[in-house]
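Worksheet for the structure shown next.
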Amino acid sequence: MPVTPEEVRARIGARIREHAKRRGLSVTELARNAGVSRAHLYGILDGRTAPTSDTLTKLANALGTDPGVLVRPYRGKPPAD
Numbered sequence: 001m002p003v004t005p006e007e008v009r010a011r012i013g014a015r016i017r018e019h020a021k022r023r024g025l026s027v028t029e030l031a032r033n034a035g036v037s038r039a040h041l042y043g044i045l046d047g048r049t050a051p052t053s054d055t056l057t058k059l060a061n062a063l064g065t066d067p068g069v070l071v072r073p074y075r076g077k078p079p080a081d
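In my numbering, the protein residues as written are 1 to 81.
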């Protein structure tokens, strides 16, 4: 089944939120650690903005994970916020 760009952006945002929550990082802390602005990070988290590969890599590094983990589809339902 084809996936829309909106679904991919939402998935990436949800994955980033999930990993940040597990690590106890606020949006401000994650943005600072990754070297991105809070406004840009909020756009990514809300699915309004697609991160570049560079930004995705910075966020993954700040979260201690691989960029591929942040774009991988969920099995079953995604976690609730």
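C-beta atoms are modelled at their ideal positions from N, C-alpha and C, and glycine is treated no differently.
Model, not experiment: these values are computed from the prediction.
Pair within 8 Å by beta-carbon distance, residue i and residue j
i	j	result
LEU45	ARG22	no
ALA14	ASN33	no
ALA60	ASP54	no
ARG9	GLY47	yes
Rounded Cβ spacing between residue i and residue j (contact assumed at less than 8 Å)
i	j	result
PRO73	ILE12	About 11 Å; that fails the 8 Å criterion.
VAL36	LYS58	6 Å
Run of the alpha helix (DSSP H) containing residue i, from where it starts to where it stops
i	result
GLY13	5-23
GLY68	67-71
Near the ligand COA: residue i beta-carbon under 7 Å from a heavy atom
i	result
THR65	Absent from the structure shown: the ligand COA. Ligands present: none.
What are the uninterrupted segments assigned as alpha helix (DSSP H) that are 4 or more residues long and contained completely in the region 27-62, given in chain order? 27-34 and 38-45
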